[in-house]
Amino acid sequence: MSLAGCERTVVVEPAQDAQNPDCADIMLRMPDDIAGEKSRTTSSQGTKAWGDPNIAVVRCGVTPPGPTTDQCVSVSSVDWISKASEEEDTWVFTSYGRTPAVEVLVNRKAESGNNVLAAISPALTAVKSEAKCVGAQDLDS
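Numbering follows UniProt numbering, with no gaps: position 11 of the sequence shown is 11.
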């Protein structure tokens with residue numbers, strides 16, 4: 001007699017450029033766990049999720065963001081645009097200055113965005129940075 005785990009697959013809509021070969025490089029470098037939460041099986045290429053319930057969901061191949069006035073944070077040499085989601089408990093982080101871009105949804109009631117980005121950012125260094133976030137203090141007047 002054998003016992004099989006009954007892990008639920010996390011349904012994640014793939015990003016439009018999820019088949020980009022650079023997404024494969026990024027996804028292979030993603031951590032197996034974040035803050036003690038193991039990764040779970042997802043329904044789409046270029047995606048990954050951790051925890052049950054999810055603490056974080058990643059989609060590689062989203063449209064790279066253009067210049068914005070949204071908050072930008074830098075974690076492990078990777079820039080992220082930070083926005084509150086329409087869903088009250090979720091933060092959305094989108095990598096900035098790298099193609100393909102990566103989107104990270106973080107359940108802010110379950111885990112800190114900083115902890116999630118610290119775990120995920122090293123995977124993005126597989127793709128060269130093309131631009132950096134610039135703040136008002138960086139602009140010439």
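Beta carbons: idealized from backbone N, C-alpha and C, even for Gly.
query	result
Measure the alpha-carbon distance for Met27 versus Gly97 and round it to whole angstroms.	18 Å
Is the CB-CB distance between Asn114 and Val75 below 9 Å?	yes
Please name the residue in Lys132, Val104, Gln45 whose C-alpha comes closest to that of Ala119.	Val104
Mind checking who Cys60 pairs with in its DSSP beta bridge?	Val102
Under the three-state reduction of DSSP, which class applies to Cys133: helix, strand or coil?	coil
So, helix, strand or coil for Val116, using DSSP?	helix
Output the distance between the C-alpha atoms of Met30 and Gln71, rounded to the nearest integer angstrom.	24 Å
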